[in-house]
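Chains as they are written, first to last, in the numbering used here: chain A, 1 to 227; chain B, 1001 to 1410.
Cβ atoms here follow ideal geometry from the backbone N, Cα and C, with glycine treated the same way.
One structure is given here, and the rest of the page talks about it.
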Amino acid sequence: MPDDVVQLRAVHKAFNVGTAFETEVLHGIDLTLHRGEFCAVMGPSGSGKSTLLNIVGLLDRPTSGKLQVCGEETTELGDRALTRLRGHSIGFVFQYHYLITAFTALENVMIPMLGAAGFPNSAMRARAAELIDSVGLSAWKNNLAGNMSGGQQQRVAVARALAMNPALLLADEPTGNLDTKSADAVFDLLRRFNRENGTTVLFVTHNGALASRCDKTIQVVDGLIIS
Amino acid sequence: MLQAWIPFEWIVAIRFLREGRLQTLFIISGVAIGVGVIVFMSAMLSGLQSNFIRRVLSAQAHVQLLPPQEVARPQRLTEPGEIEGAIIQPPLQRLKGIDQWQAVASQIRSMPEVVVTSPVAGGSALAVRGAANRAISIAGIEPEQYFRIVDISDKLVRGSTRLSATDILIGTELANDLGVDVGDKLRISTANGAASTLTISGIFDLGSKGANQRNTFVALHTAQSLLGIPGAVTSLEVTVNDVYAAEAIAQRITAATGVEADSWIKTSAQFFAAVSAQTTANTAIRFFVGLSVAFGIASVLVVVVVQKSREIGILRAMGISQGQILRIFLLQGGLLGFGGSIVGCGIGAVALLLWQRYARNADGTPLFPLVFDPVLFTAALLLATLTGLVAAFAPALRAARLDPVVAIRG
């Protein structure tokens, strides 16, 4: 695993390119995240934080610039290769949990492993149980995701994001919908995994207290990193 | 519980269907009703048609080989471009036999699609009993062959089907007209002066007054001597394994033997046209029912794609490929079609059983026999599943092409 997990060079992102409504959201972002780094991203709404996260997470493509994830240059990769890289190397936690409500907590954690295929049944189940246990939800593991509290759902979402033991975890305001206690619990979880597994975390938040507990904080304003 | 050996797409497809219970139930009911209607209608129509055809073909051969017609051959030559104003009188059609009929018959018997070949020597005669007489048509047959084509024993009212050289089988109307019964003698004379006194061995009912008045059966040799065509036969009656292919087989027979062959399709053209029209109407109804089933499945899946777009987005974010998403929705379509068709086959079978039980003739016998054809049920299952898969294609493609960012943002 290279030391630089994420490398953005002069990344621009514009929407509605070529139309009268063309809007550039990111104006040349340079960013490097090292292995094991826990980086907070702050900035006002509409500043481009989520767009930056989507691009780093390979859900969206930059309009121009270079992006390397886990040592792989991604700007020329096709959808299949991006999907594979995303599945194996990147975990996502969103503001809303987006669990599959038709599945239990344990099954939601198993989904990335099932999708990637090649995991033996027992290994997959043991890994999911271990993750559910580590987020403190062993007693609820067989509950349908739709029947859990918001904090519990977000913890399951964290466990799911870590199922493939990704090198990079992207968290887009994962504590935004939670009360202080639950928000702290989720943040502690992310911090623990970051320390134990060396997972690089990019953590978007509006919460200054949480940001101050990260290794570094970047401020995104009007599509530019200003600090 | 999820199992690694079950493909991921199957697990998600089944869970999505299970989660949207009410939607799934409604669309499965819709598919089931459509399939039920198709199964019931198809079985009923095929029962009705095979009943019609059985009734029509139980009294006639599928293909009949006849001697060539006499044609006028004027002996005068005309120059090219010259038009002659002469009227050529059609020749008389003498009673004559098929040339080399035994060789022709053995050639036909060797054809794999032919089931039975039976020679017949037929012509007109007069049946005389005391002062009463009736014009009849006699058919000289080889009973062991001919009764496999027209099963007289099934239509026998009295007596037996025995046909020795001095026996005759007559219809109920002729027996009434001449006041005769089994065991009575009947004098049969023909236009060429031959006559013979035959014993009535059996009386049959062919289901038609005209046929019961005119048709009689005698042994082949008896007919040949009465009609003055010793050793000859006037037609070769043939049954084939596929009654609908009779015309094509007749043409092959003509091509192979040089003897003119007419199929029941040609000789009963109007009946066959009615059967064909019925089949076409049935196909059209099946097509439109199938189409409405397909649209039903597609519309439900479009709604599911909209409902599940966030989940699709998150699945894509977790590394699930476009192909996997496509397969998840195709499977849902296929499963809806399959599930609906299983229930539909059940509905169709129950409807057929009820029909058989309650739709009866005045004497308690079924209106016509219905066939529970496993091929029909299997075809309905396969077609409905395939329809589900095809119907799901557009929604599945839409789901697979969802931009994960847009889908997650909602």
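Chain-order list of chain B residues neighbouring P112 of chain A: M1318, G1319, by C-beta distance under 7 Å. Among the residues of chain B, those whose CB is under 9 Å from the CB of R84 of chain A are G1319, S1321, following chain order.
In this structure, T1216 of chain B lies away from Q1064 of chain B, with their beta-carbon atoms at least 9 Å apart. Beta-carbon to beta-carbon, A1013 of chain B and I1328 of chain B are separated by about 5 Å, close enough to satisfy the 8 Å threshold. Secondary structure of S64 of chain A (DSSP, three-state): strand. Secondary structure remark: continuous beta strand (DSSP E) runs of at least 3 residues inside the stretch 1114-1202 of chain B, in chain order: 1114-1129, 1132-1141, 1156-1159, 1167-1171, 1185-1189. For E1247 of chain B, there are no neighbours in chain A by C-beta distance under 9 Å, as the nearest C-beta there is about 56 Å away. Taken in chain order, the complete alpha helix (DSSP H) segments of 4 residues or longer contained in the stretch 1008-1083 of chain B are 1008-1019, 1021-1057. Counting the other Cβ atoms within 10 Å of the Cβ of A1131 of chain B gives fewer than 16, which makes it exposed. With contacts defined as CB atoms closer than 9 Å, A128 of chain A and M148 of chain A fail to qualify as a contacting pair.
For I225 of chain A, the three-state secondary structure derived from DSSP is strand. The DSSP-derived three-state label of C39 of chain A is strand. Put simply, of A:G223, A:D222, A:R195 the residue whose alpha carbon is nearest the alpha carbon of R213 of chain A is A:R195. Membership of G28 of chain A in the beta strand (DSSP E) is indicated by the continuous run 23-34. Contacts between V1405 of chain B and chain A, judged by CB atoms closer than 8 Å, involve N54, L59, D60 in chain order. Around the beta-carbon of Q1332 of chain B, 16 or more other beta-carbon atoms lie within 10 Å, marking it buried.
For G208 of chain A, the closest Cβ of chain B is not nearer than 9 Å.
Taking the C-beta atoms as reference points, G46 of chain A is found no nearer than 9 Å to L168 of chain A. Nearest to D184 of chain A by C-alpha distance, out of A:T51, A:N197, A:Q154, is A:Q154. Judged by beta-carbon spacing, G1030 of chain B lies within the 9 Å limit of V1293 of chain B, meaning their Cβ atoms are closer than that value.
The residue among A:R84, A:V6, A:Q152, A:G136 with its C-alpha nearest the C-alpha of R192 of chain A is A:G136.
Membership of R9 of chain A in the beta strand (DSSP E) is indicated by the continuous run 4-15. At a cut-off of 9 Å, the C-beta of A102 of chain A has a neighbouring C-beta in chain B. Residues I1203 of the same chain have their beta carbon placed closer than 6 Å to that of A1175 of chain B, with the five preceding and five following residues left out of the count. Under the criterion of beta carbons closer than 8 Å, S1263 of chain B and A1250 of chain B qualify as touching, at roughly 4 Å.
For A1400 of chain B, same chain residues with a beta-carbon under 8 Å away, outside a window of 5 residues either side, are Q1322, G1323, I1325, L1326, F1329 in chain order. Listed along the chain, the chain A residues whose CB falls inside 9 Å of the CB of E1311 of chain B are Y98, L99, I100, T101, A102. Three or more beta-carbon pairs drawn from the stretch 1150-1163 of chain B and the stretch 1189-1204 of chain B are found closer than 8 Å, and the two stretches are therefore classed as touching.
Going by C-alpha positions, R160 of chain A is about 20 Å away from I55 of chain A. Residue pairing by DSSP places D1373 of chain B in no beta bridge whatsoever. Comparing alpha-carbon positions, the option among B:A1223, B:R1310, B:G1207 lying closest to T1190 of chain B turns out to be B:A1223. D79, R80, T83: these are the residues of the stretch 64-83 of chain A whose beta carbon lies less than 7 Å from some beta carbon of chain B, given in chain order. F1287 of chain B sits in a helix when the DSSP states are folded into three classes.
For the pair of segments examined, the stretch 1372-1384 of chain B was found not to touch the stretch 1278-1285 of chain B: the number of CB pairs separated by less than 8 Å stays below three.
Beta-carbon to beta-carbon, L170 of chain A and G57 of chain A are separated by about 5 Å, close enough to satisfy the 8 Å threshold. The beta carbon of D60 of chain A sits closer than 6 Å to those of N54, all from its chain and outside the five residues before and after it, given in chain order.
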